[in-house]
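Notes follow once the structure below has been shown.
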Amino acid sequence: MKQSKRVNYLAGYSPELLAQVEQLIDNGKLPDYLLSRYGSAHQIGNSKALYQYTLALKNKFLRKSPPLSKVEYDDRIDVIHNALGLHTHISRVQGGKLKAKKEIRVATVFKQAPEAFLRMIVVHELAHIREKEHNKAFYNLCQHMEPDYHQLELDLRLYLTCLDRFGPIY
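Going by the UniProt record's numbering, the residue at position 160 of the sequence shown is 160; the numbering climbs one at a time, nothing skipped.
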């Protein structure tokens with residue numbers, strides 16, 4: 001079965017799931033599905049609030065990890081090329097010491113998304129503080145911080161598909 005261009009965020013999912021998504025799109029019910037499942041958009045509208053939100057999650061699950069230097073929304077992140085958020089580790093020599101900075105950037109498109117999707121992205125980027133690669137340990141850590149991680153990842157992909165097809169719903 002050839003994959004439709006309309007569900008490019010769902011590459012790798014089963015043909016049965018893709019058919020269900022196609023049916024939701026064809027019937028115009030994908031926005032209704034997402035609205036009924038996730039309600040309204042969150043109120044974390046600026047980078048300062050995003051930093052506080054991320055810091056609370058980090059302090060709850062990753063207390064012993066190095067501090068975060070910056071967390072912000074970034075309109076340069078290209079969701080089309082599969083980047084929803086970015087994590088960076090910058091090391092600089094200052095005097096005789098090595099200073100390390102850790103930063104998280106979240107695509108601006110998530111300023112108007114349900115809080116569950118923002119949480120999923122933040123959890124994903126926080127997990128990269130401990131696990132650099134997308135391996136089993138990484139996904140186990142994501143599930144520890146967010147038990148519904150995999151369902152949220154699928155629904156986030158549906159949300160991005162919905163944005164492409166129907167435009168903003170929040």
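Beta carbons: idealized from backbone N, C-alpha and C, even for Gly. Values in this document were obtained by computation on a predicted structure and should not be read as measured data.
List the endpoints of the continuous alpha helix (DSSP H) containing V21.
As a working note, residue 21 is residue 21 in the sequence shown. Note, V21: alpha helix (DSSP H), P15 to D26.
Taking contact to mean at least 3 C-beta pairs separated by less than 8 Å, is the region 30 to 44 in contact with the region 55 to 72?
No: fewer than three Cβ pairs fall under 8 Å.
So, at 6 Å on beta carbons, what are the nonlocal neighbours of T108 in its own chain, with the 5 sequence-adjacent residues on each side left out?
Walking along the sequence shown from the start, residue 108 turns up at place 108. Result list for T108: Y73 and D75, in chain order.
DSSP three-state label for G167, please.
Numbered from its first residue, the sequence shown carries residue 167 at position 167. It is coil, neither helix nor strand.
Can you find the residues in the same chain that come closer than 8 Å, C-beta to C-beta, to S4, ignoring five residues on each side of it along the sequence?
Locating residue 4 in the sequence shown gives position 4, where the first residue counts as 1. Any answer about S4 is weak, because its pLDDT of 48 lies below 50 and its placement is not dependable; what the coordinates show is given next. Excluding sequence neighbours, S4 sits near L18 and E22.
Alpha carbon to alpha carbon, what distance is there between C142 and H124?
Residue mapping note: residue 124 aligns to position 124 of the sequence shown, counting from 1. Residue mapping note: residue 142 aligns to position 142 of the sequence shown, counting from 1. Each residue's alpha carbon lies about 6 Å from the other.
Under three-state DSSP, which class holds L86?
As a first step, residue 86 is located in the sequence shown; it is residue number 86 there, counting from the start. Reduced to three states, the DSSP call for L86 is strand.
Does the distance from the CB of R105 to the CB of L86 come in under 9 Å?
For the purposes of this step, residue 105 is identified with residue 105 of the sequence shown, where counting begins at 1. For the purposes of this step, residue 86 is identified with residue 86 of the sequence shown, where counting begins at 1. In contact: R105 and L86 (Cβ atoms closer than 9 Å).
So what does DSSP say about L68, is it helix, strand or coil?
If you number the sequence shown from 1, residue 68 lands on position 68. L68 falls in the coil class under three-state DSSP.
Report the residue from F110, F61, I77 and G12 whose alpha carbon sits nearest the alpha carbon of L163.
Position 163 of the sequence shown holds residue 163. When only C-alpha atoms are compared, the closest one is F110.
For the alpha helix (DSSP H) that L34 lies in, which residues bound it at each end?
In the sequence shown, counting from the first residue as 1, residue 34 sits at position 34. It spans L30 to Y38 - the alpha helix (DSSP H) in which L34 sits, taken as one unbroken run.
Using a Cβ-Cβ cutoff of less than 6 Å, which residues in the same chain neighbour T88 once the five nearest sequence positions on both sides are dropped?
Your numbering for residue 88 matches position 88 in the sequence shown. Correct list, in chain order: E103.
For Q112, does the three-state DSSP call read helix, strand or coil?
Translated into positions along the sequence shown, residue 112 becomes position 112. DSSP places Q112 in helix when its eight states are reduced to three.
When the distance is taken between beta carbons, is L57 closer than 9 Å to L126?
One-based indexing of the sequence shown puts residue 126 at position 126. One-based indexing of the sequence shown puts residue 57 at position 57. Contact flag set, yes.
Which residue or residues does DSSP assign as beta-bridge partners of V106?
The residue you call residue 106 lines up with position 106 of the sequence shown. V106 pairs with Y73 and G85.
What residue range is occupied by the uninterrupted alpha helix (DSSP H) comprising H134?
As a working note, residue 134 is residue 134 in the sequence shown. H134 -> no alpha helix (DSSP H), and no H or E assigned at all.
Would the beta-carbon of Y9 fall within 9 Å of that of L152?
Taking the first residue of the sequence shown as position 1, residue 9 is located at position 9. Taking the first residue of the sequence shown as position 1, residue 152 is located at position 152. Going by C-beta atoms, Y9 is not nearer than 9 Å to L152.
Taking DSSP's pairing of strands, which residues face L98 in a bridge?
By one-based count along the sequence shown, residue 98 stands at place 98. L98 is bridged to V93.
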